[in-house]
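Following this note's numbering, the numbering of the sequence shown begins with 10 at its first residue and continues without gaps. Beta carbons are placed, not taken as given, at the ideal position from N, Cα and C, and that holds for glycine. Computed from a predicted structure; not experimentally measured. This report refers to the structure that appears directly beneath it.
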Amino acid sequence: MNGKQQPYEILQYFALAVDPVHVGTGGYRLGRVDLSIVREPGTNVPKIPGTTLSGACRTYAAMVKHRYRWLNNGKIYVCAGLGKADEKKNIEGHCGRSDCPVCVTFGFSRGPGGSFQGLAQFSDARLVFLPVNSLAGPVWVTCPQALADWGVTVTEPSDGEVRVGGGIRVGSRLNLGWLMLDAVPNWQLKPE
């Protein structure tokens, strides 16, 4: 950039869910929640949309910075969530102040009074490993392309073959219940 400093920084994170995650597409039917899982259009692999991550981070940041629900000049501001005003409850929504760490980072909407996009941008969280039930217990499944997206290249296994890491007791075959694959046991992920 002509010797100039880059005006932004890209941060990438890996996360491990300790509890099951289900991001639904919304909607309900017959009084019960009926949410299909959000998936990537091209691969049909489950994903977590960037808007979901942004909302969770915004709520956490608002709690840490004491901007979740706060009082100023007799008015209640809520810098987490959608920021909708509610005159009946005396809630103004997002404060929209230039010194608010939540509104500046994640943006705000004040209706006709103005809005701001925010400085942080989030992309979708993509799976690297997917837990799958097997007769040997839960196993983490991935593919060479998912690893390559993170800069890890491995040689592809032959057709109908699966590489099984240490700690999973299998013979020469891995039974997923609906699919039987030839197994290469005690395989270690070593970037090439």
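Residue i vs residue j beta-carbon contact at 8 Å
i      : j      : result
Val47  : Val32  : yes
Leu190 : Glu165 : no
Pro147 : Val163 : no
Leu185 : Ser143 : yes
Gln197 : Gly174 : yes
Pro110 : Ala70  : yes
Leu7   : Phe131 : The first residue shown for the chain is 10 and the last is 201, placing residue 7 beyond what the model contains.
Counted within 10 angstroms of its Cβ, other Cβ atoms place residue i as buried (16 or more) or exposed
i      : result
Glu101 : buried
Phe23  : exposed
His75  : exposed
Arg67  : buried
Gly92  : buried
Leu183 : buried
Ser45  : exposed
Residue i, DSSP secondary structure in three states
i      : result
Tyr86  : strand
Lys56  : strand
Met10  : Confidence at Met10 is low in this model, with a pLDDT of 48, below 50, so its placement is unreliable and no value can be given for it.
Ser143 : coil
Val111 : helix
Pro153 : helix
Ala26  : coil
Pro194 : strand
Val167 : Note that residue 167 is Ser in the sequence shown, not Val. Here Ser167 sits in coil by DSSP.
**Q.** Any 3 or more C-beta pairs closer than 8 Å across the stretch 154-163 and the stretch 131-139
**A.** Contact check between the stretch 154-163 and the stretch 131-139: three or more CB pairs, one atom from each, fall below 8 Å, which counts as touching.
Q: Examine the Cβ distances between the stretch 83-90 and the stretch 101-118 and report whether three or more of them are shorter than 8 Å.
A: Flag = yes, the stretch 83-90 and the stretch 101-118 touch.
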